[in-house]
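In terms of the numbering used here, the sequence shown has 121 at position 121, counting the first letter as 1, and numbering is strictly consecutive. Note that CB positions come from ideal geometry on N, CA and C, so glycine has one too.
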Amino acid sequence: MFRLFVFLMFATSAACAQDAPMTVERMAEIVADLDPEASITPSGFELVLEDIPVLIVVAPGADRMRAMVPIASIEDVTPEEMLRMMQANFDTALDARYAVAQGRVWGTYIHPLAALEREQFLSGIAQTVNLARTYGTLYSGGANVFGRGDSGEIYRDLFEDLIGRGQDI
């Protein structure tokens, strides 16, 4: 518990020390550090983490970004699974969310682009990937639980791995 607290304090102070707004160019550098085989698309980036495809859509004119991972066909989702995803959106999905669009269940992370800090971006991606990894079991974005919800304790490790990549960016 103390180690997690110290880690969060360090990550928070490092994020606060960063002054530059996020740009598409800066995001491209971070994405390249996460996956050297990532590709640039007309609307953002495509990369793979933990064998999970991640799509990042960037809309600089609207000052928005969205990271998404495909999870399941909506046709395969039971009412119990849908209820569990909505419960997770309350207490264990954290900043990421389960969503439904185009006949699929997605893990998503949405944030204003300019205000996005490197650590927030990495945390959002890790949470989104964790939603896909834990779909059907923990339904978790990471190690924290908001509380007062219907979910039990969970474990976070992907964020620590991602934050170690590309330290100079």
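Is it buried or exposed, residue i, if we count other Cβ atoms within 10 angstroms and call 16 or more buried?
i: Y31; result: Before going on, a small fix: residue 31 reads as Val here, not Tyr. That one is buried.
i: D161; result: exposed
i: A38; result: buried
i: T92; result: buried
i: E119; result: buried
i: F90; result: exposed
Would residue i and residue j qualify as a contact pair, given that the criterion is a beta-carbon distance under 8 Å?
i: A67; j: I56; result: yes
i: V54; j: V69; result: yes
i: A88; j: S140; result: yes
i: A96; j: L138; result: no
i: D35; j: V48; result: yes
i: E50; j: V129; result: yes
i: P112; j: R165; result: no
From the options, pick the residue whose C-alpha is nearest to that of residue i; which is it?
i: R26; options: A115, T137, N130, D91; result: A115
i: R104; options: I110, Q127, D76; result: D76
Specify, as a first and last residue, the run of the alpha helix (DSSP H) that residue i falls within.
i: R165; result: R165 -> no alpha helix (DSSP H), and no H or E assigned at all.
Problem - Sequence ranges, alpha helix (DSSP H) only - wholly within the segment 31 to 107, length at least 4 - result: 79 to 91
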